[in-house]
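For the sequence shown, counting from 1, position 110 maps to 110 in the UniProt record's numbering; every step adds exactly one.
Everything on this sheet refers to the single structure shown next.
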Amino acid sequence: MKAPEPEVEVKLRVVIDGQSLHSSRAGIGSYTYNLVKTYLQFDDVCGVTIIASKACDTAEKLFSQLTTVPAGRSLDKYLPFDALGLSQKFDVYHEPNYIPRPFKKVTVINIFDMSYVLYPQYHPRRRVEMLRFFEHRMRAADRIITASHSAKGEIVDLLKVPASKVAVTPLGVSSGFGRNREDEILFQTLRSRYGLPEYFLLYVGTIEPRKNLERLVEAYGMAKQRLGSSSLGLVLAGGKGWLDGPIYQRVQDLGLMHDVTFTGYVPDQDLPTLYNMAMAFVYPSLYEGFGLPPLEAMACGVPVITSNVSSLPEVVGEAGIMVDPYDVEELSNAIVRVVSSHELRQTLSDKGVRRAAQFTWEECALKTWSVYQECYESRK
Numbered sequence: 001m002k003a004p005e006p007e008v009e010v011k012l013r014v015v016i017d018g019q020s021l022h023s024s025r026a027g028i029g030s031y032t033y034n035l036v037k038t039y040l041q042f043d044d045v046c047g048v049t050i051i052a053s054k055a056c057d058t059a060e061k062l063f064s065q066l067t068t069v070p071a072g073r074s075l076d077k078y079l080p081f082d083a084l085g086l087s088q089k090f091d092v093y094h095e096p097n098y099i100p101r102p103f104k105k106v107t108v109i110n111i112f113d114m115s116y117v118l119y120p121q122y123h124p125r126r127r128v129e130m131l132r133f134f135e136h137r138m139r140a141a142d143r144i145i146t147a148s149h150s151a152k153g154e155i156v157d158l159l160k161v162p163a164s165k166v167a168v169t170p171l172g173v174s175s176g177f178g179r180n181r182e183d184e185i186l187f188q189t190l191r192s193r194y195g196l197p198e199y200f201l202l203y204v205g206t207i208e209p210r211k212n213l214e215r216l217v218e219a220y221g222m223a224k225q226r227l228g229s230s231s232l233g234l235v236l237a238g239g240k241g242w243l244d245g246p247i248y249q250r251v252q253d254l255g256l257m258h259d260v261t262f263t264g265y266v267p268d269q270d271l272p273t274l275y276n277m278a279m280a281f282v283y284p285s286l287y288e289g290f291g292l293p294p295l296e297a298m299a300c301g302v303p304v305i306t307s308n309v310s311s312l313p314e315v316v317g318e319a320g321i322m323v324d325p326y327d328v329e330e331l332s333n334a335i336v337r338v339v340s341s342h343e344l345r346q347t348l349s350d351k352g353v354r355r356a357a358q359f360t361w362e363e364c365a366l367k368t369w370s371v372y373q374e375c376y377e378s379r380k
């Protein structure tokens with residue numbers, strides 16, 4: 001696979017901050033991993049370097065194929081490259097995690113959403129204050145990359161930057177996500193590993209207030225009652241997030257402790273099978289800059305119910321059922337519709353697979369590399 005060729009032959013030397021790979025590979029870490037992994041497939045990219053503080057178990061093979069430079073202490077993230085004593089010469093610095101280090105050459109950053117401004121109550125106060133403090137660095141970047149037109153509009157409005165400065169590069173679905181409803185051995189393995197029921201609705205993501213899980217639990221309880229089903233479970237798959245306590249309490253208050261399963265963090269290798277086991281995927285998030293889990297679910301042929309807000313309609317299109325995330329009854333009705341109708345599930349499954357095929361990491365990486373080249377050329 002070849003990166004797009006510039007008008008003049010240019011071999012860019014790109015450095016990417018890989019610190020997000022050291023946490024569980026979700027969110028920004030997942031983006032960074034898949035982007036860099038895809039760059040390794042380009043046979044004419046000769047200068048990708050990763051900033052890393054130590055060997056990273058989740059990306060060990062990836063790191064072994066790349067040049068790495070030490071990141072130093074956590075606070076060093078906010079120091080200029082020169083102050084870190086890094087002698088490597090780079091043409092482009094890509095910071096996936098919002099706040100860039102000062103760099104004299106081309107700086108490209110990712111801002112995935114503006115939730116820290118729009119919904120500060122969903123973030124720790126320290127994180128909100130830090131992001132607001134460093135907004136001047138965000139504005140100073142040569143280009144801001146985001147994953148949806150919805151997020152782009154918010155960045156332009158809230159950061160007061162020209163629209164031409166913000167590039168939209170939708171995320172992709174990894175090749176491991178696809179239909180596989182026949183592997184009963186794998187299904188049994190995961191049922192045993194995570195204590196899964198035979199029939200269940202699925203949510204994948206961090207357990208945190210922004211994901212609207214208290215309303216999901218309530219809507220599930222209502223739907224379960226209407227369906228008269230004692231066997232339909234709800235599986236919430238994801239690591240603990242900020243202010244997750246009320247979600248567990250809501251499950252107890254509704255008497256659903258034996259019906260709702262919390263799996264904890266699920267590693268990448270288990271996710272495709274988990275999606276394929278689900279009767280439907282429910283993602284009533286209150287706000288998303290992109291929303292990758294619904295896309296992964298669609299790639300696996302799982303019917304999707306999601307919110308009609310922020311970027312989610314842009315991602316899911318007409319391939320899923322959209323609901324008002326604040327309306328518990330509407331969400332419950334959607335669950336009943338999908339669970340009650342095999343024909344509807346099949347229709348949504350087919351539409352979802354076709355929709356998800358439009359989003360690839362190869363396309364994301366090509367568009368991102370083009371941003372590097374455009375910024376580099378404009379600086380010459």
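Quick reminder that beta carbons are idealized off the backbone N, C-alpha and C, glycines included.
| query | result |
| --- | --- |
| Own chain, CB closer than 6 angstroms to Asp-17, minus 5 neighbours either side, in chain order | Ile-51, Glu-95 |
| Closest by C-alpha distance to Ile-99, when choosing among Met-138, Arg-250, Arg-179, Tyr-93 | Met-138 |
| Burial state of Ile-185 (16 or more Cβ within 10 Å) | exposed |
| Reference Val-309, options Leu-171, Glu-198, Asn-212, Lys-11, closest by Cα | Asn-212 |
| Distance, Thr-360 Cα to Ser-174 Cα | 7 angstroms |
| One or two residues paired with Lys-240 in a DSSP bridge | Ile-207 |
| Residue environment, Val-371, which counts as buried when at least 16 other CB atoms sit within 10 Å | buried |
| Status (buried if at least 16 other CB within 10 Å, exposed otherwise) for Glu-182 | exposed |
| Member of Pro-272, Val-328, Ala-319 whose CA lies at the smallest distance from the CA of Ser-349 | Ala-319 |
| Anticipated Cβ contact below 8 angstroms, Tyr-275 with Ala-297, distance rounded | 5 angstroms |
| Within 7 angstroms, strictly: CB atoms of Val-128 and Tyr-119 | no |
| Endpoints, the beta strand (DSSP E) within which Val-161 is located | That residue, Val-161, is in no beta strand (DSSP E); it is neither H nor E in DSSP. |
| Rounded C-alpha distance that separates Ile-321 from Asn-97 | 31 angstroms |
| Whole-angstrom C-beta distance between Arg-13 and Phe-90, which should lie under 8 angstroms | 5 angstroms |
| Neighbour-count burial assignment, Tyr-199, 16 or more Cβ in a 10 Å radius | exposed |
| Cβ pair count under 8 angstroms reaching 3, the stretch 213-226 against the stretch 243-252 | yes |
| Exposure label - Trp-123; buried when at least 16 CB within 10 Å | It should be pointed out that residue 123 corresponds to His in this sequence rather than to Trp. The residue is buried, with at least 16 neighbouring Cβ atoms inside 10 Å. |
| 3-residue-minimum beta strand (DSSP E) runs that sit fully inside the stretch 89-117, ordered along the chain | 92-95, 106-110 |
| Beta-carbon separation (whole angstroms), Met-277 vs Leu-190, contact threshold 8 angstroms | 7 angstroms |
| Exposure of Phe-133, with buried meaning 16 or more beta-carbon neighbours within 10 Å | exposed |
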